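Chemist: In my numbering, the protein residues as written are 810 to 1289. Using N, Cα and C, we set each Cβ at its ideal position, and we do this for glycine too. Since we're looking at a predicted model, the values are computed, not measured.
1. Tell me which residues share the same chain as residue 1005 and place their Cβ nearer than 6 Å to its Cβ, disregarding the 5 neighbours each side in the sequence.
2. Is there contact here, the stretch 1171-1179 with the stretch 1131-1146, by at least three beta-carbon pairs under 8 Å?
3. What does DSSP give as the partner residues of residue 1277 in its beta bridges?
4. Run through the DSSP bridge pairs and tell me what residue 1188 is partnered with.
5. When the Cα atoms are used, what is the spatial distance from residue 919 to residue 996?
6. Would a C-beta distance cut-off of 7 Å place residue 1209 and residue 1266 closer than the cut-off?
7. Where do the N-terminal and C-terminal ends of the beta strand (DSSP E) with residue 1288 fall, by residue?
8. Strictly by DSSP, which residues pair up with residue 1004?
9. Could you pull out every unbroken alpha helix (DSSP H) segment of at least 4 residues lying fully inside the stretch 863-938, listed in chain order?
10. Return the first residue and the last residue of the alpha helix (DSSP H) that residue 1235 is part of.
11. Under DSSP, the beta strand (DSSP E) around residue 1122 begins and ends at which residues?
12. Please list the terminal residues of the continuous beta strand (DSSP E) segment that includes residue 1253.
13. Just to check my reading of the structure: residue 1239 and residue 1166 have Cβ atoms closer than 8 Å, yes? What is that Cβ distance to the nearest angstrom?
14. Beta-carbon within less than 8 Å of residue 1127's beta-carbon, same chain only, minus the 5 sequence neighbours each way: which residues are those?
15. Go ahead and pull the three-state DSSP assignment for residue 999.
16. Between which two residues does the alpha helix (DSSP H) holding residue 1167 run?
17. Taking DSSP's pairing of strands, which residues face residue 1199 in a bridge?
18. Is residue 1067 near the ligand PLP, going by C-beta to nearest heavy atom under 6 Å?
19. Determine whether the beta carbon atoms of residue 755 and residue 1192 lie at a separation below 7 Å.
20. Keeping to the same chain, check which residues put their C-beta closer than 8 Å to that of residue 961; ignore five residues upstream and five downstream.
21. Report the three-state DSSP secondary structure of residue 1027 (helix, strand or coil).
22. For residue 991, which beta-bridge partners are listed by DSSP?
23. For residue 1290, which residues from the same chain have a beta carbon less than 6 Å from its beta carbon, with the 5 sequence-adjacent residues on both sides left out?
24. For residue 1224, name the three-state secondary structure that DSSP assigns.
25. Would you kindly work out how many angstroms separate the C-alpha atoms of residue 1106 and residue 1100, rounded to a whole number?
26. CB-CB under 7 Å to residue 813, same chain, minus the five flanking residues each way: which ones, in chain order?
27. What number of angstroms, rounded off, separates the C-alpha of residue 930 from the C-alpha of residue 878?
28. Candidates 1196, 1094 and 1214: which alpha carbon is nearest residue 1065's?
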């Protein structure tokens, strides 16, 4: 253990020297002329001499320790300053420190490069001095002076500024000016400049990419909308072709009846047996037939009339209309239909589009039965309410959907029918109408429980949200 561990400072050594001196004086005063040495004819006590020597040694030791302590402190301070300076110089951003008079005390290499002046030329200079020395230092302008003054007042200022380099190139700097406080007193100002040109360019590129992406998405959405419109038109045309066939079936019997009436009337007229009462009867029957045929035209026209707005309607109404339009075609195919429409389920949506979905599903069920060769075709249509949804199921006994086609049955242009009898758009558009336009669900599975006939068939299910209760007039009468 060294001596300084016991006496860790010059103040302790000076106190020791003072104590030795006082002790020597006391000894000298208490022993005059006894056993002392002679100094200039006067007796000087030996103890005093010893104390004086000790005092001198203590002073020398104190000075030596003080010098060593000062050297250690100086070396530590120099080492700390060197580390701090190395750290400041290594910062890629421009850094400088100013005293309260605005003179630069520290400027790192990045700041020197920006001004075109070395550290020796910058030290002790104000921004005005530096502007005079480096006219091309474009960042030194009225904004710098104003923000310096503001920073001294409020303590911190942040802003962005355009900066012109010595080579004439330009960049954008983000500037932070912050006052330095020590002991409750403002002692200087720190200035930090960060080049954000690349970040700004990256942000501009990102913004450009985002705008381009938004434009592409908008164009894609518009293109998809146009495709949907085209597909809808194609689907409607296909359904219209189907409906024309249904109308032909619907009109065949009335036209035959009308032809018989005309033949009977002609025969009686030639035979001279026709009278006014018989003529009126034939005329009334003819008008009834024509009225029924005209009603078929109205149903056909309303069925394909596009809806521009959502309306509240009962599910059973378009279901009954679709069954009515398909009735003659189903009867000709020998297919019986069972209805279980239940109580009125009211929904909010596009009635015309919904009717087209029901018609597509009925037509698919009829075609599946005909293609299966089943001579006892059967279709069951049911409507129910479940968990806030109106559920419509259309089941047939036409053999069901092959498993390999289950995942593709709702794809556009996918069909298992001959090319001249199917477009592959009916089920695709039906799914789009129910799920995209009416926020519902359209699905399919194979089962024999839907018809009760014992034969396997497909069951298509349509689920559509019920209309809000406050918008519906309650009706407990069953659909017929």
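Modeler: Taking the definition as stated:
1. 981 and 983
2. yes
3. DSSP, once it has assigned bridges, lists no residue as partnering residue 1277.
4. 1146 and 1205
5. 23 Å
6. yes
7. From DSSP, residue 1288 is part of no beta strand (DSSP E); its letter is neither H nor E.
8. 982
9. 918-924 and 928-931
10. 1235-1241
11. 1120-1123
12. 1250-1256
13. 4 Å
14. 1160, 1163, 1164 and 1167
15. strand
16. 1160-1181
17. 1194 and 1273
18. The ligand content of the structure shown is nil, which means the ligand PLP is not present either.
19. With the chain running from 810 to 1289 in the structure shown, residue 755 is simply not present.
20. 988, 995 and 998
21. helix
22. 994
23. Nothing about residue 1290 can be read from this structure; the chain reaches only from 810 to 1289.
24. coil
25. 10 Å
26. Residue confidence for residue 813 is low, a pLDDT of 42 falling below 50, so the modelled location carries little weight; the figure read from the coordinates is stated next. 874, listed in sequence order.
27. 35 Å
28. 1094
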